Structure formats: C-alpha cells, structure tokens
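Novice:
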Amino acid sequence: MLWDIGAGSGSISVEWALAGGRSAAIEAREDRAGNIRANAAGFGLAHRIKVITGRAPAVLVDLDKPDAVFFGGGLDAAMFARVWALLPDGTRAVAHSVTLETEALLTELHSRHGGALMRIEVARAAPLGGFRSWEASRPVVQWSAVKGLGA
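Position in the sequence shown (from 1) plus 192 gives the number in this note's numbering.
1. Starting from the Cα of A273, find the closest Cα among D259, A250, T291 and give me that residue.
2. What is the DSSP secondary structure of A220, reduced to helix, strand or coil?
3. Keeping to the same chain, check which residues put their C-beta closer than 6 Å to that of R330; ignore five residues upstream and five downstream.
4. Using the Cα positions of T245 and A225, report the straight-line distance between them to the nearest angstrom.
5. Using C-beta distances below 6 Å, list every residue in its chain close to K257, excluding the 5 sequence neighbours before and after it, in chain order.
6. Using three-state DSSP, classify F235 as helix, strand or coil.
7. Using the three-state DSSP reduction, which class does V338 fall into: helix, strand or coil?
8. Can you tell which of A317, L255, V332, A230 has the C-alpha that lies nearest to the C-alpha of S203?
Pasting the structure below:
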C-alpha cells in the first residue's frame with residue numbers, strides 16, 4: 193500500500209499499481225484528482241488506485257497503513273511530522289523537492305532520520321549562437337528513509 197501525497201498527475205501511483213501494489217493518491221486540487229482518475233482508468237488500474245481529493249494528514253486517518261509514502265508536492269515540516277507519526281516502523285518514505293525551502297527540509301530530515309539524500313540534475317543540448325551548450329532543467333532533490341532505521 194502506497195500513500196502518494198501531493199499526487200499531481202498520479203504517475204507514482206500508476207507505477208506502483210503497475211508493479212502490483214495498491215495506492216491512495218491524495219491530491220488537494222480537484223482538477224488534478226480528475227486527471228489522476230483518468231490516468232488510472234487509462235492504464236486499467238482504477239481498481240488499484242483510490243483517488244482522494246483533500247490534504248494530508250486529515251484524509252489519511254481511515255486509510256490502510258502504508259508500506260511506503262511518497263511526498264510529491266506541498267511538503268512542509270508540520271505536515272511531515274504529522275504524517276511520520278502515523279507511519280508504522282518499516283515504512284519507506286520518499287520525498288522529492290524542486291524548491292530551496294523543501295530542499296532545506298529534506299536536508300534536515302536526512303540529518304534527523306538518516307536514509308539517502310541525492311540530487312538529480314539533467315541538462316539537454318540546446319543551440320547557443322552557432323554552437324551548442326548544455327541547458328539545465330530544474331534539479332530534483334530526493335530523500336528516502338525507512339522509519340525505525342534512524343540515523
């Protein structure tokens with residue numbers, strides 16, 4: 193069972209369900225929740241992905257406990273603390289960041305809870321005058337840890 197918090201398009205939930213798992217895709221925006229439903233149906237996974245419109249942690253109370261949690265968007269320290277408290281030991285947590293504020297939070301979480309912290313950067317060749325140069329995309333910072341296996 194995956195809690196996909198800040199699910200966006202639902203791509204993490206789709207990949208999880210394609211691998212045989214079940215997912216609760218939590219998304220605050222109804223338009224995005226509708227897109228997740230469409231994506232789940234398009235992949236034939238509507239029976240494996242429950243789409244919930246709302247905000248964590250309030251909407252997590254009645255869900256099955258997760259084996260993993262993915263924080264995709266909207267992560268802040270207060271929300272993390274409330275969600276972390278709900279997780280049983282052995283639950284894997286993964287968070288992505290593209291903002292400096294969330295990157296700082298992930299650095300702090302890595303110090304406090306251990307796990308792995310990595311920065312992923314991608315650049316594509318693009319024209320620069322008569323030559324080519326690297327054009328960088330936004331880097332993504334990822335933190336991953338298992339609750340109960342602290343630093």
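Idealized CB from N, CA, C, for every residue including glycine. This one's a predicted model, so the numbers in the text were calculated from it and none came from an experiment.
Specialist: A quick look at the data gives this:
1. A250
2. coil
3. V290
4. 6 Å
5. P280
6. coil
7. strand
8. A230
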